[in-house]
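First residue of the sequence shown: 2, per our numbering; consecutive thereafter.
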Amino acid sequence: MEIKITKRVKLHEVNNDMCHNFYFGVYGQIINDARTRFKRFHFVVWFDIFELFEFLGEEAKKYTKQDLLNYVDGLSVWYTDLIHSYDNCKEFYEECNRSIDNYNR
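Here you go:
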């Protein structure tokens, strides 16, 4: 089984009173061992600027877009760790739907 992140998209904030938050839509595929079938997934990763600064440390004053995407990839690992096998993804998809619902509120 292979897990491939295909796209990371910065989403606009739902409520603008907390303008220091980042929301990213993460899109990807789960590919079976034979590489004959795949399932698509999408979830939303949320973090605030202070978490990013803590992650970057001294380099926080001059962070780049690539630093931001690397941080998103690190947070995405938590979601993809919920995938046990190609046919056993129910918990993963429930968490994906929960993240999207939380973003839409």
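Yeah, the Cβ is synthetic: ideal placement off N, Cα and C, and Gly gets one too.
Gly75 burial status per 10 Å Cβ neighbour count (16 or more: buried):
Looking at its Cβ environment, which holds fewer than 16 other Cβ atoms inside 10 Å, Gly75 is exposed.
If you follow the alpha helix (DSSP H) that Leu113 is part of, which residue opens it and which one closes it?
The chain is shown only over 2 to 106; residue 113 falls outside these bounds and no answer can be derived.
For Ile50, count the other beta carbons within 10 Å of its own beta carbon; 16 or more makes it buried, fewer makes it exposed. Which is it?
Residue burial is scored here from C-beta neighbours: Ile50 has fewer than 16 other C-beta atoms within 10 angstroms and is therefore classed as exposed.
What residue does the alpha helix (DSSP H) around Lys66 start on, and which one ends it?
DSSP places Lys66 inside the alpha helix (DSSP H), whose first and last residues are Lys66 to Thr81.
Comparing alpha-carbon positions, which option in Tyr72, Leu53 and Phe42 lies nearest Lys91?
Among Tyr72, Leu53 and Phe42, the Cα nearest to that of Lys91 is on Phe42.
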